Each structure stands twice: as C-alpha cells, then as structure tokens.
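Residue numbering for the sequence shown follows this note's numbering, beginning at 508 and increasing consecutively.
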Amino acid sequence: MMVSSVFLILATSPQAGAIISFAGGGHGTPAEYGHVAFVEKLYPNGSFLISETNYNGNPNYTFRKLSGVDSNLSFAYTTK
C-alpha cells in the first residue's frame, strides 16, 4: 500500500484551484462566520474569478469577480 503526502499551503495571493477564505465581516460576510469559496481563474490585471454558494443567503451556485487581494482574504491550496 502506498501513501502519498499532501501538504496544505496557506498564502496571501490567489491561485486557480485554491480555497479563498473571507474574514468575518469582510466583503459583506457575516462578522461571526466569514465565508469560503474557490478561486476559478486569475486575470492579468490582478483580479480573479471565484465560485461560491450561499453568499449573502443566496442558495444558488454563483460566480463573482474580485478586483484584487486585501487583508480580509486568505488562500489555501494543496501540493504533492
């Protein structure tokens, strides 16, 4: 049986496929919870596309473009 190691990288910049975490109260999220989403695509101007559900109570799966990174955002992705 072979076991592979997977490492979680925490970062302050987006990468396609990363999980994005919004600090509570940042970007219109509830102060007590925050929010998480996925980074779908990066653009040359520093903006990026995310996919998410339940943002502001919307139960649908939606996409949103963020203009850039700020102190309310953090990112996590895996590497082998």
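For every residue, glycine included, the Cβ atom is placed at its ideal position computed from N, Cα and C.
Here the structure is a predicted model, which is why all the values come from computation and not from measurement.
Please state whether DSSP places residue i in a helix, a strand or coil.
i, result
"Y550", "coil"
"Y540", "coil"
Over what stretch of residues does the beta strand (DSSP E) that includes residue i continue unbroken?
i, result
"A583", "580-586"
"A525", "Where A525 is concerned, there is no enclosing beta strand (DSSP E), given that its DSSP letter is neither H nor E."
"S574", "Element bounds for S574: n/a, residue is neither H nor E."
"T560", "555-560"
Applying the criterion that 16 or more other CB atoms from any shown protein chain within 10 Å of the CB defines a buried residue, is residue i buried or exposed?
i, result
"L517", "exposed"
"L580", "buried"
"A523", "exposed"
"P521", "buried"
"L515", "exposed"
"L544", "Per the sequence shown, residue 544 should be read as Ala rather than Leu. The residue in question, A544, is buried, as its Cβ has 16 or more Cβ neighbours within 10 Å."
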